[in-house]
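Notes to accompany the following structure.
In the working numbering, the protein residues as written are 384 to 947.
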């Protein structure tokens, strides 16, 4: 036998002696709670070297994962309101492996970042403020067309809707310009917010929201002016780098509503690598006219002014239909040295929005429309852990462009009034944190938002088409600058039992207009400044019971809508 033949036989023998790596293993089992009850809808992730498979438990908690390799694998189970569980399984011996996965309740705690006195994510159970956290699972389980409707089931929050495309939350009796809205911690309010109910939170597509965090009560130290009733922080879904190499996943979802023949669809693509990840998504919705119970409208102008039932003219609420389209892009980059760079951009636009309560649904006006309704919002944020004497710091640059127009006409022959406003807010944020002796945390920082306002208002005669330009609500070319510096401290006096917090902020605001003689607008420069404070105590009686004390001073500087 030749040398070549011997070598070939030796190679064949070696290959036959190796264990087969054919992915023919099966993992099955049941996800249950501590009392033995099955948990439906739990996400099961199996990681075998570079292979990752995901599944979900059925209505009785059972699951089956096919096509797994004969390796040592890691199984992770995740379910809302339960503590995440991981376990190692050996699939090298048996072709079928049966597992019983028992999850324990997560308890009363939920992460919250809307009150970062420690400079990091905190537990809502351990902060003195009244905090509400609405998770992604809760958002998906609640019927809604716009984001504010998700908050209707939360404690201490009332949502007012003047038309289907708009919604304004009330917290402790305050709304609109007396509540601070944040998107990923970046200020969403502008100086053009009016005193009445506003529509701006309804522009954000609920499909991109990971969760909502609400602080009830003044929190001006953390986020400045307008936080009289409270603060609402909208947190988007942040893409995270993959730990198992490059992955490409996607989600397509659709929703249909029978009461208004509404439909919406959203699509998202997520690409993850070891050091970066990005998410691209878009969607649209079309909402039809709402069909009420028995087709009756108790607020109808037909009933109020003529004493006739609303069904005399219509069975569905007119002018409650609208459309919305939008897209978003989010990216995360590993910048090394415990640092990361995040970028986010969102565009949303609504079409065909009318005020039902001003037309046949209320005042009986001929026309009352909102168009355009357009939002462009984005930011870039760099954050790093340990650097010098700082335990963490971050810096952000943001852009917030909001365009809001409206049209009013009382009857067919009356004057048509058109108003259009556009505001561009460029924001700068910086924040640092320092932990002393593991029990005392110091957080400090500042921000500046510079706003540029463009506005126009016209009156049109419907008979002659004569167009007259008049003074807008806020003069064209108005500038508004808001800035602030803050300092917060949190000290754990008795570990796990007593925590003291305190904070102080100085804010400076500047309103200025240029002279427009034909509209009788004078050149003005109006500065405002204020000092606000906050203090709180958390006294832990047991592991599941706390007593909290808090004293805060809320503050709202007069904005461009007030001074214009």
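Where is the CB? At the ideal position from N, CA and C, for every residue including glycine.
Keep in mind that this is a model prediction, so the values were computed, not measured.
DSSP, reduced to helix, strand and coil, places residue 543 within a strand of the structure shown.
When 731, 722, 832 and 559 are compared, the shortest CA-CA separation from residue 668 is found for 731. Contact annotation, residue 446 with residue 412: C-beta distance approximately 6 Å; criterion of less than 8 Å satisfied.
Scanning its chain for C-beta atoms nearer than 7 Å, with the 5 sequence neighbours on each side dropped, one finds around residue 757 the residues 732 and 786, in chain order. Residue 483: member of the beta strand (DSSP E) spanning 479 to 485, first to last residue. One alpha carbon belongs to residue 842, the other to residue 636, and they sit about 44 Å apart.
The Cβ-Cβ distance between residue 836 and residue 857 falls below 8 Å. Your pair residue 645 and residue 528 checks out as a contact, with CB atoms roughly 6 Å apart and the cut at 8 Å.
When the beta-carbon positions are compared, residue 631 and residue 654 come within less than 8 Å of each other. In the DSSP assignment, residue 688 falls outside any beta strand (DSSP E) and within the unbroken alpha helix (DSSP H) covering 684 to 689. Taking the Cα positions, residue 741 is about 6 Å away from residue 747. Contact between the region 693 to 701 and the region 713 to 730 is absent: fewer than three C-beta pairs spanning the two stretches fall below 8 Å. In the pairwise beta carbon analysis, the region 916 to 930 is classified as touching the region 508 to 526: at least three pairs are separated by under 8 Å. The beta carbons of residue 545 and residue 534 sit no closer together than 8 Å.
Proximity of the region 905 to 923 to the region 599 to 614 meets the contact definition, three or more beta-carbon pairs being nearer than 8 Å.
If you draw a straight line from the Cα of residue 474 to the Cα of residue 480, it comes to about 7 Å. Pairing residue 675 with residue 944, the inter-Cα distance amounts to about 36 Å.
Within a 10 Å sphere around the beta-carbon of residue 476 sit fewer than 16 other beta-carbons, which makes this residue exposed. Contact annotation: residue 418 and residue 429 have beta-carbon atoms that are not nearer than 8 Å.
Between the alpha carbons of residue 570 and residue 563 lies a gap of roughly 7 Å.
Only residues of its own chain outside the window of five on either side were considered, and among them 893 have a CB closer than 6 Å to the CB of residue 910, listed in chain order.
For residue 945, the enclosing alpha helix (DSSP H) starts and ends at 943 to 946. The beta carbon of residue 679 is closer than 8 Å to those of 692, 693 and 694 in its chain, skipping five residues each way along the sequence. The criterion of a C-beta distance shorter than 8 Å is satisfied by residue 716 and residue 723. According to the DSSP assignment, residue 857 belongs to no beta strand (DSSP E), since it is labelled neither H nor E.
Scanning the region 632 to 671 from its first residue to its last, the whole beta strand (DSSP E) runs of 3-plus residues come out as 645 to 655 and 659 to 670.
Distance from the CA atom of residue 687 to the CA atom of residue 708, rounded to whole angstroms, is 36 Å.
Residue 438 and residue 410 have their alpha carbons spaced roughly 11 Å apart. Three or more Cβ pairs closer than 8 Å define a contact, and the region 895 to 907 meets that threshold against the region 848 to 864.
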